[in-house]
Amino acid sequence: MMEGNFITIFIDWLLSFDTKVLILAASAIGAGLAMIAGIGPGIGQGYAAGKGAEATSINPKSSKDATMVMLLGAGIAETSGILSLVIALILLFGNPIINQTGHKLILAASAIGAGFAMIGGIGPGIGQGYAAGKGAEGVGRRPKQKPGILKTMILGQAVAQTTGIYALIVALILMFANPLINLM
Numbered sequence: 001m002m003e004g005n006f007i008t009i010f011i012d013w014l015l016s017f018d019t020k021v022l023i024l025a026a027s028a029i030g031a032g033l034a035m036i037a038g039i040g041p042g043i044g045q046g047y048a049a050g051k052g053a054e055a056t057s058i059n060p061k062s063s064k065d066a067t068m069v070m071l072l073g074a075g076i077a078e079t080s081g082i083l084s085l086v087i088a089l090i091l092l093f094g095n096p097i098i099n100q101t102g103h104k105l106i107l108a109a110s111a112i113g114a115g116f117a118m119i120g121g122i123g124p125g126i127g128q129g130y131a132a133g134k135g136a137e138g139v140g141r142r143p144k145q146k147p148g149i150l151k152t153m154i155l156g157q158a159v160a161q162t163t164g165i166y167a168l169i170v171a172l173i174l175m176f177a178n179p180l181i182n183l184m
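Just so we're aligned, residue 1 is where the sequence shown starts under UniProt numbering, counting upward by one.
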């Protein structure tokens, strides 16, 4: 019984705020949540760099090729972090939710939800970095196979990015074409 009372009191307290204040506060939270996705690219790029260094130590003659594959792959692994940054910047500087009409709790939750959605970029960042690391490692071991390794790595990274793109689409829908507003 106490839980129900607390939740009711908390929601009443939230709803006591001006709509714009509530949406801006929720947008700040959403922007911060979106940036959590940077964890994935950080891990992935660190792995790729480590494998690039390992490849260079195994075969110093292939260091230029291994480094090129590592840098290209690590750059691709950063895409989910960039998508998350875009959502955070929209929430902070070009927030379309402010101009929408509807229940303020749904609007505020949509701003937070857009940020939460972008956490889906953690997986692609790690996966793409793993592919980049293995690509650099493969080129270090077999430099003559670089074209095939590079093609396979990039194709695998493109497939791995799909969940990050899904997260972006959900975040954009919540901000620009929110179907929840019309359900009230």
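Idealized CB from N, CA, C, for every residue including glycine.
Between V159 and the set A131, I112, M175 and Q45, the nearest pair of CA atoms involves A131. Taken through DSSP and simplified to helix, strand or coil, A177 comes out as coil. M184 counts as exposed, since fewer than 16 other C-beta atoms from the protein chains shown sit within 10 angstroms of its C-beta. In the structure shown, R142 falls within a coil segment according to DSSP collapsed to helix, strand and coil. Remark: C-beta atoms of A111 and A26 approach each other more closely than 8 Å. The Cβ atoms of K104 and T19 lie closer than 8 Å to each other. Put simply, the region 29-46 touches the region 111-120. At least three CB pairs are less than 8 Å apart. The continuous stretches of alpha helix (DSSP H) do not include T101, and DSSP gives it neither H nor E. Selection S57, Q128 and N99 evaluated against L24 yields N99 as nearest (Cα-Cα).
In this structure, the CA atom of K144 is about 20 Å from the CA atom of A48. For S16, there is no enclosing alpha helix (DSSP H), as DSSP gives it neither H nor E. Here the alpha carbons of L172 and G125 stand approximately 20 Å from one another.
Two segments are said to touch when three or more pairs of C-beta atoms, one from each, lie closer than 8 Å; by this definition the region 62-73 does not touch the region 115-123. The three-state secondary structure of N182, taken from DSSP, is helix. The closest CA to that of M153, considering only A136, Y166, A167 and L168, is found on A136. DSSP places Q161 in the coil class of the three-state scheme, outside both helix and strand. Nearest to G52 by alpha-carbon distance, out of K64, P41 and M175, is K64.
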